[in-house]
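Protein chains in written order, with this note's numbering: chain Y, 1 to 442; chain A, 1001 to 1329; chain Z, 2001 to 2302.
Remarks on the structure that follows.
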Amino acid sequence: MILNNNHKALVTELTPMLEKSSRSFYIWIAILTGFVTLGFVAFVIQMVQGQIVTGMRDNVVWGIYEVNFILFVGVSYSGAFISGILHFIQSRRKNSVSRIIEIITVLCLCIGPIFILLCIGRLDRLHYLFLYPRIQSPITWDILAIMTDLVGCFIYLYLTFIPDFAILRDSDHLKIPAWKKKLYKTLAIGYHHTPSQKKRLHKITKTMSAMVIALAIVAYTVLAWIFSLTLQPGWNSTIFAPYFIIGGIYTGVAVIILVMYVVRRTLNLEKYIDKSHFTIAGLVLLVFSLVYGYFTFSEYFARWFSHKTIDEKLLNTLFTRYFWTFIIANYIGILVPIAILFFKKLRTIRNITIAALIVLIGSWLNRYLIIIPTLETPYIPIQDTRIDYVFYSATWIEWALVISGFAAFMLFFSLLLKIVPIIPLSGIIESENESTTITNDQ
Amino acid sequence: MEDNKKGKSTNRRNFLKLGLMSSVSAIAGTTILSSLTSDDETSGHSHSGEKIRLLTTDGKIVEVDAKSINNYPEAHITPEESRKGIPNKHFVMVIDLAKCKNARKCVEGCQKGHNLDPDEEFMKVHLMQDHEEGAPYWFPKGCFHCDQPPCVTVCPTGATFKREDGIVLIDNDRCIGCKFCITSCPYSARQFNWGHKDKYDDKSQPYSPETSTPGTVGTVTKCDFCPDLLRQGKLPYCASSCPMGVIYFGDKNEDIVTNGDETVRFSELIAARGGYRHLEHLGTKPNVYYLPAVNRQFPLERGFNVDEKIMDRYKDVPLIKKLKEEGKL
Amino acid sequence: MKYNFSNHRFTTLMVLLFFISFTGFGQENVAKKFKMLYKFNTIKQADNTRLLEVSFIARNKKNKKDKPPVFDAEIQFYNTTETEDILLGTAKTDDTGHASITVPASHKYTLDAAGYINLSAKFKGTDQLKRKSKKIQVKDIFLELDLKEIDSVKTVIVKAFTIDSLGVKIKANNVDVIISIGAMISKMKIEEATLKNGLYTFEFPTDIPGNIAQNIDIYTTIEDHDEYGNVIQKSNEKWGVYDSKELDSKNTLWSKYAPLWMYILLGVLLGGIWINFIYTLFQLKTIKKEGLTFEAENIPKT
């Protein structure tokens, strides 16, 4: 495609990150790298000394690693889900955010599974999963689902990137290093917006976006099954799979809002990510907070109403030992966002972002409450001399790794901005072209 | 002979009666000799790392590595072989709650046999009180070796498996340590080797899933029904260590179980004493049966005579709470 | 059974030991802290051989739970008579403190006037351990176990007799016997009786499973009898009702292989998805090819 001056200006505007980096950017990267390094140190310590350095013990065998795993993978799946749906929506607005969602999806899907690996005692034997596979195990399903989903998301993301790479390849005016130009040329695989190429790419992108939606549902269902197929009182629930999917989308939308906010502020993209994006995302968040609240209520209400001894014991724990966690996760984390998002007057960009932040914190704590109190309430009461075997409390190793997970997400997100434009150029240019054509016609 | 005065002393009983009452045709083909010597205090069926004390003829006490004396007359059972199990057997355990007084000998015997540290317990004794008004009882619990084991179902590598003889074992050479089996066991039977311990380095005997020793860091472990002893026609450590004869063990196909003291029909025992399985409604089909704590041989309080640390475990049981409030404990 | 203590050197030894330890030479000898439990027993086995066994265990005088077996002590087993001790064999105690020999069935014991076999097991003693000796008197008895189906009733017939010096069989009277069946770990008692006129008969229970071949080992034993000591007799009959159910080789959740539908469903799902991935990559290749053609046609070479 031969770019006209208009387009060239647009490319320059949308790709400030590609050319040069500000000092604050380096500081930001340095801080994040610091956190990630801390996590890496914690990881090495855990590898050398074993999981004895964590707070996990015989009853609570999965701790906050698992919480992060569910959260990240959930965000990823919801990202895939949303971006798949966006592909079918012909809206100019979606262009500004679709890239953000896609990057969130892939990054979370890369980071999330690391946390399940941290729960594994013998990483040196990981290949046994393929040497001696057992098809009955939900872990096997989960591994297959995550791997397939990862490949699928990568392919899908790449498909959406191709036109942009082609534009960047053709943007001779950009002052970028030669290696980057070469990279764009390779990644663009000779895409030249010819009608045949366009049609072909459109077709496979459409199939892949449908597939990504399906994969997200299947994969997150399987993840929920890891819990709900066991006999544990807090887990053995038939609604867990849809509950997890809804919860995942709920968290995912919140993360998208937060990222949108940060990207908009730091990259001065107010023109492209405007209030309407936040309002729409806020309304989606409202809908999902209602559905999520409904699921949460159903889950706990059924347990409370039927009050099997062991369920009663679990609820009792939740309302005593975990009282504030429960309040923050399932009252504040759901009702406050609903309150903010419900009233039109309150729906400002800042408020919506605050609601999203509350949702994120609430979701993390909700996962914590799903995992830890259940494991602390087995059928046969824990009677152990060692107090750390009775109650779980995460050690600094675990916290360091959990925090470094979030840091890694931000770090890789920032670094990706150096390579790809955060707003899909092709989409904007195409819609500009369309509007020009329309104007011309008129 | 002091033992003769005691009349029913365990030692004498084992020496005399087992010679006649123990099965000569033990699976491993052991002679009367080894059957005669199943007194736990003295016999050497302990595992590597475990020392046994001997008095030599020149009047010295020597500590010998148990494994250096022929402890396993038969060939080493490889992990592959241990997946098959002992042919035509279906092992069951019956625990008579009416006889348990929390002597914790089963726990100690098991720990000694499996080379476990003080707080590592494959066999545990819980104090159970099913409801506020319910009578509390001592509840020894190992692994239930379920016929429909949820732990085996969820294992992604087949590291834990169900054998033909009903035993659920773990091959810790195969285990990747995902701990899914621990979360899926409703009976909290499984444990994890969280950190490295020096005893895991003991490679004097090749590892066999049948002995669960030596342990491996980052893998799961649990009660194994002692198949190495069963192959020798001996009772598991817990059953043979119990001074009260609480734990019966045997082959369900044969319909005979024994606690080392008396040998009875399994079906008759269950029928006569109202045998049940813990949490039957979960559908796991355990192979450990309990006889309810009725017509007890000992008052519950006899079990309070344990270390303070152990006693502290039971602080959440309603009875203990009540006794503490009343200042009786 | 009669036990004979021969501790006549005990006092001497103790006095000696006392002095040694007093002068500081006997530090290593810990034997005196222990009481020696020395037991001797005999069983006449099913094949008419006789097992002689000694259990030699030390017990800490202060801590009765501390019972180290005496290891590697040589025990000599004798058939004692009025005039001499005939050595039957020697054995060393193992790590459980047990030493035993099996005397073949053909062995002719020298009997005493009352027709008893006198057996003794001796430990000579060492510098540190005092000598030990135990004696047993038993009368040789022949225990027979017949398993017969009489009018399709499974009948167990126990007979016992002794043989006097003239070779005449004398039926044993008032001897208590226990009839048991063999199981994997121990025997299970099914009948207890006193022989009348050297005979006892009873119906065998019809619901004993036995082993997989429906074989049952049936034992009859005389335990700890004043005259005859311990005697065991064994027989085997296919009287079991073992129900050899077909082994459940179905594919289940907990077996090695999963139910078939799981493989099918997983195969279809994964196959469908991956085929689509491959198709997508194939299409990308085509796009690349088209791009190359386009470049060749439209972009002038520099």
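Note that CB positions come from ideal geometry on N, CA and C, so glycine has one too.
Computed from a predicted structure; not experimentally measured.
- Distance from the Cα of residue 1237(A) is smallest, within the candidate group 1104(A), 1255(A), 1205(A), for 1104(A).
- For the set 133(Y), 125(Y), 212(Y), the Cα lying nearest the Cα of residue 88(Y) is the one of 212(Y).
- With respect to the 8 Å criterion, residue 341(Y) and residue 286(Y) are classified as neighbours on the basis of their beta carbons.
- Judged by DSSP secondary structure, residue 2107(Z) falls outside any alpha helix (DSSP H); it is assigned neither H nor E.
- Following the DSSP letters along the chain, one finds residue 149(Y) inside the alpha helix (DSSP H) bounded by residues 138-170.
- Within the region 1175-1202 of chain A, complete beta strand (DSSP E) segments of at least 3 residues are found at 1190-1192, given in chain order.
- 386(Y) is the residue among 428(Y), 386(Y), 129(Y) whose C-alpha sits nearest the C-alpha of residue 1308(A).
- Among the residues facing chain Y, residue 1055(A) is not included, as its CB has no counterpart in that chain under 8 Å away.
- Taking C-beta atoms under 8 Å as the contact rule, residue 382(Y) and residue 390(Y) qualify, at a distance of about 5 Å.
- Chain A has a Cβ within less than 8 Å of the Cβ of residue 137(Y).
- For residue 390(Y), there is no enclosing beta strand (DSSP E); the residue is found in the alpha helix (DSSP H) stretching over 387-390.
- Judged by pairs of C-beta atoms under 8 Å, the region 1076-1083 of chain A does not touch the region 1175-1186 of chain A, as fewer than three such pairs exist.
- Using a Cβ-Cβ distance cut-off of 8 Å, the region 242-249 of chain Y and the region 275-283 of chain Y are not in contact, since fewer than three pairs of beta carbons, one from each stretch, lie closer than that value.
- Its Cα nearest to that of residue 218(Y), the residue 81(Y) stands out among 81(Y), 121(Y), 178(Y).
- Proximity of residue 1187(A) to chain Y, defined by a Cβ-Cβ separation below 8 Å, is satisfied.
- Taking residue 2087(Z) as the centre and dropping the five residues before and after it, the same chain places the C-beta of 2076, 2078 closer than 7 Å to its C-beta, in chain order.
- Separation of residue 1320(A) and residue 1250(A) (C-alpha to C-alpha, rounded to the nearest whole angstrom) is 35 Å.
- Check the Cα spacing between residue 1263(A) and each of 2285(Z), 2183(Z), 2206(Z), 2102(Z): the tightest is with 2183(Z).
- For residue 211(Y), the uninterrupted alpha helix (DSSP H) run begins and ends at 195-228, by DSSP.
- Residue 1291(A) carries a strand assignment under DSSP once its states are collapsed to helix, strand and coil.
- In this structure, residue 1054(A) lies away from residue 2034(Z), with their beta-carbon atoms at least 8 Å apart.
- In the DSSP assignment, residue 1113(A) falls within the alpha helix (DSSP H) that extends over 1105-1113.
- In summary, residue 164(Y) is buried, with 16 or more beta-carbon neighbours lying within 10 Å of its beta-carbon over all protein chains present.
- Residue pairing by DSSP leaves residue 83(Y) without any beta bridge partner.
- Just measuring C-alpha positions, the residue of 2091(Z), 2107(Z), 2109(Z) sitting nearest residue 2122(Z) is 2091(Z).
- Under a 10 Å Cβ-count criterion, residue 2098(Z) is classified as buried, with 16 or more other Cβ atoms of the shown protein chains found around its own Cβ.
- Taking a C-beta cut-off of 9 Å against chain A, the contacting residues of the region 41-67 of chain Y are 49, 50, 51, 52, 53, 54, 56, 57, 58, 59, 61, 62, listed in chain order.
- Linking residue 1216(A) to residue 1200(A) through their CA atoms gives a straight-line distance of about 6 Å.
- The region 314-395 of chain Y is shown to contain whole alpha helix (DSSP H) runs of 4 or more residues at 323-327, 333-342, 349-376, 387-390, in chain order.
- Between residue 2284(Z) and residue 404(Y), the alpha-carbon positions lie close to 36 Å from each other.
- Put simply, the CB of residue 129(Y) is near chain A, with a gap under 8 Å to one of its CB atoms.
- The Cβ of residue 2060(Z) sits no closer than 8 Å to any Cβ of chain Y.
- Assignment of residue 112(Y) by DSSP, reduced to helix, strand and coil, places it in the helix class.
- Per the coordinates, the alpha-carbon of residue 1115(A) lies some 18 Å from the alpha-carbon of residue 1242(A).
- Scanning chain A for C-beta atoms nearer than 7 Å to the C-beta of residue 2276(Z) yields nothing, as the closest lies near 26 Å away.
- For residue 1140(A), none of the residues of chain Y pass the 8 Å Cβ criterion, the least Cβ distance being about 12 Å.
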